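Heads up: the structure comes next, in structure tokens.
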Amino acid sequence: MFLLTGASLLLVLIMGIGLYMKSAPIFEDHSLWDLLSASEWKPFKNRFGFFPFIMGTVWVTGIALALALPLSLLTAVFLTEYSRAWVKRWFYPALDILAALPSVIYGVWGSLLIVPWISERMAPHFVEFSSGYTVLAGGIVLSVMILPLLVSLFVEIFSTVPQELRDASQALGATRWQTTKKVVIRRSLPGIFAAVVLAVSRALGETIAVLMVCGNLSQIPHSVFDACYPIPALIANNYGEMLSLPLYEAALMFAAMILFVVVLLFNLLSRVILYRLKKS
Amino acid sequence: MLSDFFKRHVRFSVIEPDMDDLLHKEQAFAPDVKFRHPDAGARLEVRHLDLSIGTQQILKDISLQIPENKITCIIGPSGCGKSTLLKSFNRLIDSVDGVCMRGSITLGEQDILRSDGADLIDVRRRIGLVPQRPCPLPMSIYDNVAYGCRIHGIRGRRQLDAVVEHYLNEVGLWDEVKERLRESATGLSIGQQQRLCLARSLAVEPEFILADEATSALDPQSSKTVEDLFVKLKEHYSIIMVTHTLRQALRIADYVVFIYMGEIIETGNAGQVFHHPQHELTRNYLSGVFS
């Protein structure tokens, strides 16, 4: 048992080392800083700038979180603090179904509904032309994908707050909303933070759905109506055609390593903060 | 700036001469003056209360009048509805799904069962609660005591400082915690936490205090401290206490209500109920035939 547990940890380490070994050739020609900060992506001219992809990932994830966080927080508050038992009985299975849908379905839904909606209805109010395959489309689709995950995590976290605490607050004359704000959410903050990190990790790595709606142009997005090219989409789109160029393969492995390291760091950071919060 | 709470309640302060002063200057909260409700001294009365949860009837035809400035102990075997009755007084029972209540509970002119919104908040401010297990809110010692005041709109720093100091003194906790008011309340010992909960309830100036087996989770020493506090506090507050410990009831109760299977079997002064019980069931319960 111990060996198996150790082996699964070792697997992560081996993956990390493997990715590094595979991406090593690219460091012979380019410095790490160059790779991360350069904006030009021309593999056939030996120019590998990852900045547009990093920015694409950051934009899409940021928008997804900005949309999903308030919505999921309020939904979870409603479900745990306000709703009646029969609402919960209906809503929880529905959430599970949403969470279990394959991401390609979200991608199809995004390209059939969200992309045309942005292109025809929303973008004309702000910019001259937008294809609809944009940062915003990616953000919306991703936010819908992480919403059920966030809601179910928040519901679970809020349910662990003892009823006595709510009673103590309400017995002093606090309203339900005051109790939620000042007691339930406050007490749940470390958990909320951990849930957000988990959702962000998932959003960072999500591939197929964003690939289908983001436009996949290697440019730095300047507005939500620009196309972008997040890192996972870059890897998935180009993995088949890179065999002819050894450096191209190294570059894509490097992209994978960026994702790997960022997600790993994110999780570590959340552990440290959680630990500190608990301690204080 | 005077808070809404201050304005609302100070106007009706029972001590008249300070009124103008208090209204026109922002004076530190003066806890020796009772900023009580206009209806202070109102009677808490239950009439023909039936309470059921789902299909199960928990309380049957309860009629009761809570005596003022006394400790009323509600006794009875487990599951007889004591805590449910207690939670009906401040309507915390609402958080249980499927509760249905008939009859009335009145606090002066106010019908508690039909109160809603602001009225219910007012009822809850007037009837404080000390929980069964100490449950400090997830904040500092200072913020725990100030919580209720802030909820009711008191924001002045000096005023809050005075409230916190006064009520921590009242429960004998000030000297123990004055150096660490900003630290988390969960760092206190269980006994201290329970006294903090009592201070938190007192800080909104209730007229009644509900205590649901408030000493059951405490060690004997802390339990004694809290008991002594209740005896001291009854000078200003009417205390309604649910207890499992007959000895405790014997020590501190002035008035006793015995409930069995959701019905009131006997009520009366403590001496009378304990020494000359009128009802067979009371006699059996007191002599330990069932518990």
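Read top to bottom, the protein sequences are chains C and L. Residues in the first sequence are numbered consecutively from 1, following this note's numbering. Residues in the second sequence are numbered consecutively from 1001, following this note's numbering. Quick reminder that beta carbons are idealized off the backbone N, C-alpha and C, glycines included. Note that the structure is predicted; figures quoted are calculated from it, not measured.
| Asked | Found |
| --- | --- |
| Per DSSP, cross-strand counterpart(s) of Ala-1211/L | Val-1130/L and Met-1241/L |
| Supposed close pair Asn-237/C, Asn-216/C - CB separation, criterion 8 Å | 6 Å |
| Chain C within 8 Å of Asn-1169/L, Cβ atoms only | no |
| Contacting positions in the segment 257-278 of chain C - beta carbon closer than 9 Å to chain L | none |
| Top-ranked residue by Cα proximity to Ile-26/C, from Arg-276/C, Val-261/C, Ile-273/C and Ala-255/C | Ala-255/C |
| Buried or exposed (CB count within 10 angstroms, at least 16 for buried), Leu-245/C | exposed |
| Cutoff 8 Å; reference Ala-325/C; Cβ partners in own chain excluding five residues on either side | One cannot answer for residue 325/C here, as it falls past the ends of chain C, which runs 1 to 280. |
| Local conformation of Lys-181/C per DSSP, three classes | helix |
| Near-chain C residues of the segment 1135-1151 of chain L (beta-carbon distance less than 8 Å), N- to C-terminal order | Cys-1135, Leu-1137, Pro-1138, Met-1139, Tyr-1147, Gly-1148 and Ile-1151 |
| Which listed residue (Pro-1206/L, Asp-1094/L and Gly-1288/L) has its alpha carbon closest to that of Val-1123/L | Pro-1206/L |
| Unbroken alpha helix (DSSP H) run spanning Asn-1269/L, endpoints | Premise fails: Asn-1269/L lies in the beta strand (DSSP E), 1263-1269, not in any alpha helix (DSSP H). |
| Closer than 8 Å to chain C by CB, Asn-1284/L | no |
| Three-pair Cβ contact test at 8 Å for the segment 1122-1142 of chain L versus the segment 1181-1197 of chain L | yes |
| Between the CA atoms of Val-183/C and Leu-165/C - distance to the nearest angstrom | 7 Å |
| CB contact check: Met-212/C to chain L, cutoff 8 Å | no |
| Neighbour-count burial assignment, Lys-1082/L, 16 or more Cβ in a 10 Å radius | buried |
| Between the CA atoms of Arg-47/C and Gly-110/C - distance to the nearest angstrom | 32 Å |
| Exposed unless 16 or more other CB atoms sit within 10 angstroms - verdict on Trp-33/C | exposed |
| Own chain residues within Cβ distance below 6 Å of Leu-153/C, not counting five before or after | Ala-195 |
| In DSSP terms, what Glu-1045/L is bridged to | Gln-1065/L and Thr-1106/L |
| Neighbour flag for Lys-1034/L against chain C, beta carbons, 8 Å | For Lys-1034/L, the pLDDT reaches just 47, beneath the cut-off of 50, and the residue's location in the model is therefore unreliable, leaving the point undetermined. |
| CA-to-CA distance, Gly-1054/L to Gly-205/C, given in whole angstroms | 48 Å |
| Own chain residues within Cβ distance below 6 Å of Ile-1112/L, not counting five before or after | Ile-1105 and Val-1123 |
| C-alpha gap between Ser-1223/L and Ile-1058/L, whole angstroms | 29 Å |
| Secondary structure of Thr-1072/L, DSSP reduced to three states | strand |
| 8 Å Cβ cut-off: residues of chain L touching Phe-175/C | One detail in the question is off: residue 175/C reads as Thr in this sequence, not Phe. Correct list: Ile-1121. |
| Which residues DSSP lists as bridging Gly-215/C, in chain order | Cys-228/C |
| Nearest to Ile-1240/L (by Cα), restricted to the options Val-1130/L, Met-1101/L and Leu-1250/L | Val-1130/L |
| Contacting positions in the segment 1096-1119 of chain L - beta carbon closer than 9 Å to chain C | Asp-1097, Gly-1098 and Gly-1117 |
| Buried versus exposed, by CB contacts within 10 Å (16 or more), Phe-1290/L | exposed |
| Sequence ranges, beta strand (DSSP E) only - wholly within the segment 130-173 of chain C, length at least 3 | none |
| Terminal residues of the alpha helix (DSSP H) in which Phe-91/C lies | 85-100 |
| Gly-1262/L burial status per 10 Å Cβ neighbour count (16 or more: buried) | buried |
| Test: Gly-1128/L CB closer than 8 Å to a CB of chain C | yes |
| Beta carbon proximity, Lys-1007/L to chain C, threshold 8 Å | Its pLDDT being 46, under 50, Lys-1007/L is placed unreliably in this model, and the value from its coordinates should be taken loosely. Judged by the 8 Å Cβ criterion, Lys-1007/L is not in contact with chain C. |
| Exposed unless 16 or more other CB atoms sit within 10 angstroms - verdict on Thr-160/C | exposed |
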